[in-house]
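Q: Once you've had a glance at the structure underneath, I'll fire off some questions.
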Amino acid sequence: ATPTALLVGTGRGAQLGILIKGPQVLESTRAVDTVVLDKTGTVTTGEMTLVDVVPADGVTDTELLRLAGAVENASEHPIARAIVAGARDRVGELPSVDEFTSETGLGVRGTVDGHRVVVGRASLISDQGDLPSELASARAEADAQGRTSVAVGWDGAVRGLLVVSDQVKPTSKAAVAQLRKLGLTPVLLTGDNAAAARAVAAEVGITDVVAEVLPAGKVDEVKRLQEQGKVVAMVGDGVNDAAALAQADLGIAMGTGSDVAIEAGDLTLVRGDLRVVADAIRLSRRTLGTIK
Ligand code: ADP
Ligand code: MG
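To convert, take the position in the sequence shown, counting from 1, and add 407; that gives full-length UniProt numbering.
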């Protein structure tokens, strides 16, 4: 395409709410045949709410919420925001946290009121021991409802479960239908549990689901598809998506997401509306339509 055509395409993109890193990005956009979508914050709003508090035997709701809320207060993750808001609602001011650390895609740790607290997925919590049976059944129930649960542990035992719930963006189902209409294959990729992933996939019409992956696993999944000869667009919003956005043939960041993701992407969707992915593909096909 002529430089002029590419510049016009870039300008038209801006009108559609697409920020394009450079004119050449339109070329990779046109070649895409597979669109990998992160779940939380990309297909869903990422505005989670705390819907269930399940303390282990001998632990109170208040203790569980104070300690978990205090640690999550230092995290930016959507799960963390839900836990902090829910905890403040129920127990008021949260204590401060020391020695906070965050493991991307796994969870967080910190010291609160002299306790060494861990909040996160099963693999992070396993160093605290097994999930007590009363929590295992609560987790199975949350899974069945397509909700996300995280475990809370301190001082060497698993002390409770917090269940959060997210909503699919109202535009996501239409966005997936538009991608299919353009001949693209959508894939849902998430660090969340398989049941929550399947529930969201079913709601928006995606059949290919890869769940419970670590951030490094997201990169591996993009590579695997590329090795099969696919030209892959990756759409994501989180710190945990940045490496996969960079690996993809086309990285698409949600403008509502983290700065790290936006820096790693080739395109940014200003409003975080997934229907604009199809707009971008159509735009690139129109702009470059005359060349082979
Ligand atoms: P997604 O791929 O859907 O955006 P992430 O990779 O960000 O999900 O997170 C994967 C999982 O890691 C979450 O479902 C949760 O179990 C755990 N996790 C990540 N960050 C946190 C946190 N701040 N607090 C608790 N759990 C967390
Ligand atoms: Mg995300």
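Note that beta-carbon positions come from the ideal geometry of N, C-alpha and C, so glycine has one too. Being a predicted model, the structure only gives us computed values, none of them experimental.
Should I698 be labelled buried (16 or more other beta-carbon atoms within 10 Å of its own) or exposed?
A: Its pLDDT being 45, under 50, I698 is placed unreliably in this model, and the coordinates cannot settle the point.
Q: Would you list the residues sitting across from I425 in a DSSP beta bridge?
A: In the DSSP output, where bridge partners are listed per residue, I425 has L676.
Q: Just verifying my parser: in three-state terms, what is the DSSP assignment at L586?
A: Helix, per DSSP.
Q: Give me whichever residues DSSP pairs with E510 in a beta bridge.
A: Beta-bridge pairing links E510 to G514.
Q: What does the Cβ neighbour count give for A623, buried or exposed, with the cut at 16 atoms within 10 Å?
A: Exposed: under 16 other Cβ atoms inside 10 Å.
Q: What is the rounded straight-line gap between the Cα of L569 and the Cα of A558?
A: Straight-line Cα distance between these residues: approximately 6 Å.
Q: Given 7 Å as the limit, tell me if T555 has its C-beta closer than that to any heavy atom belonging to the ligand MG.
A: The answer is no for T555.
Q: Using only CA atoms, which one of V498, P539, L474, A655 lies nearest to F507?
A: Nearest C-alpha to F507: L474.
Q: Output the distance between the C-alpha atoms of A581 and I425, rounded to the nearest integer angstrom.
A: Each residue's Cα considered, the two are about 18 Å apart.
Q: With distances taken from CA atoms, which of A668, V616, L542 is nearest V460?
A: Taking only the C-alpha atoms, the option nearest V460 is L542.
Q: Quick one: Cα of P539 to Cα of A463, how far?
A: Cα to Cα, the separation comes out at about 7 Å.
Q: Under a three-way DSSP split, which group does V450 fall into?
A: It is helical.
Q: May I ask whether a heavy atom of the ligand MG can be found less than 7 Å away from the beta carbon of D445?
A: Yes, since a heavy atom of the ligand MG falls inside the 7 Å radius drawn around the Cβ of D445.
Q: Suppose you measure from the CA of I688 to the CA of R437; what does that come to, to the nearest Å?
A: Cα to Cα, the separation comes out at about 6 Å.
Q: Going along the chain, which residues of its own chain have a beta-carbon closer than 7 Å to the beta-carbon of A421, five neighbours each way excluded?
A: There are no such residues.
Q: Rounded to whole angstroms, what is the Cα-Cα separation between G658 and V642?
A: Rounded to the nearest angstrom, the two C-alpha atoms are 6 Å apart.
Q: If distances are taken between C-alpha atoms only, which option among G679, Q654, D656, A655 comes closest to G664?
A: That would be G679, whose Cα lies nearest to the Cα of G664.
Q: Consult DSSP for D445 and reduce its assignment to one of helix, strand or coil.
A: Strand.
Q: Between the alpha carbons of S691 and T409, how many angstroms are there, rounded?
A: Cα-Cα distance, rounded: 13 Å.
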